[in-house]
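So for the sequence shown, numbering that gives the first Met the number 0 puts the first residue at 0; every next one is plus one. All residues carry an ideal CB built from backbone N, CA and C; glycine is no exception.
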Amino acid sequence: MGSIGPGLLALVGVAGPDTKGVADSLAAKLANLRIFSDSTGKMNRSVIDAGGGVMVVSQFTLIADLSRGRRPYFGEAAPPEHARMIIDHMVESLESQGLTVATGEFGAHMQISIDADGPVTILLDSNT
């Protein structure tokens, strides 16, 4: 079971066309987002600056299409083999930036506990 101290929880959904390049780009963005408070209380530090870790959890349900009906459609989610490769690459990319990274168990039913500190939840996708 993975765990981190202060840092980021990244619920990561992989779509079919996602590539290692997309994973690298998102990992760089995630590692360098200035969302941790500095000494004046301003969001001005990254998880790297704050000395935090990153918990990466594969979450295919984030790819759900809810545009029609009441049942989510998961057809845009990547097949498990592809998604695992992209998630593993993202973890490697984060680690290469000096971050401590923990993961959930790919494809497993997990219970995740988070002690959120602050009002910040950010949706980051390959289009941002």
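Quick check: the Cα distance between residue i and residue j, rounded to an integer number of angstroms?
| i | j | result |
| --- | --- | --- |
| LEU123 | ILE34 | 13 angstroms |
| SER125 | ASP37 | 27 angstroms |
| GLY106 | SER112 | 18 angstroms |
| GLY51 | THR99 | 7 angstroms |
| PRO16 | GLY68 | 25 angstroms |
| VAL11 | HIS88 | 12 angstroms |
| SER95 | ALA101 | 14 angstroms |
| LEU80 | GLN110 | The displayed chain sequence assigns Glu, not Leu, to residue 80. One C-alpha to the other measures close to 23 angstroms. |
| LEU29 | PHE59 | 19 angstroms |
| ALA22 | VAL55 | 12 angstroms |
| ALA82 | SER2 | 21 angstroms |
| MET42 | ARG70 | 38 angstroms |
| HIS108 | SER45 | 30 angstroms |
| VAL13 | THR39 | 37 angstroms |
| TYR72 | THR18 | 22 angstroms |
| GLU104 | SER57 | 8 angstroms |
Run through DSSP, which three-state label would residue i get?
| i | result |
| --- | --- |
| ARG44 | strand |
| PHE73 | coil |
Terminal residues of the continuous alpha helix (DSSP H) containing residue i?
| i | result |
| --- | --- |
| GLY20 | 19-31 |
What residue does the beta strand (DSSP E) around residue i start on, and which one ends it?
| i | result |
| --- | --- |
| GLY4 | Per DSSP, GLY4 belongs to no beta strand (DSSP E) and is neither H nor E. |
| VAL13 | Taken as a continuous stretch (DSSP letters only), VAL13 belongs to no beta strand (DSSP E), as it is neither H nor E. |
| GLY52 | 52-57 |
How about residue i: is its C-beta nearer than 8 angstroms to some C-beta of chain C?
| i | result |
| --- | --- |
| ALA77 | Here chain C cannot be found, since the structure has a single protein chain. |
Taking residue i and residue j to be in contact with their CB atoms under 8 angstroms, please state how far apart those CB atoms are, rounded to whole angstroms.
| i | j | result |
| --- | --- | --- |
| PRO78 | ALA49 | Contact flag wrong, Cβ pair sits at about 35 angstroms. |
| LEU25 | VAL53 | LEU25 to VAL53, Cβ: 11 angstroms. No contact. |
| ILE85 | GLU75 | At roughly 14 angstroms, the Cβ-Cβ gap does not stay under 8 angstroms, so ILE85 and GLU75 are not in contact. |
Kindly examine the ligand PLP and report whether one of its heavy atoms sits closer than 7 angstroms to the Cβ of residue i.
| i | result |
| --- | --- |
| ILE34 | Summarising the ligand content, the structure contains no ligands, and the ligand PLP is consequently not present. |
message: As an exercise, report each continuous beta strand (DSSP E) stretch of at least 3 residues that is fully enclosed by the stretch 77-118, in chain order.
response: 99-102
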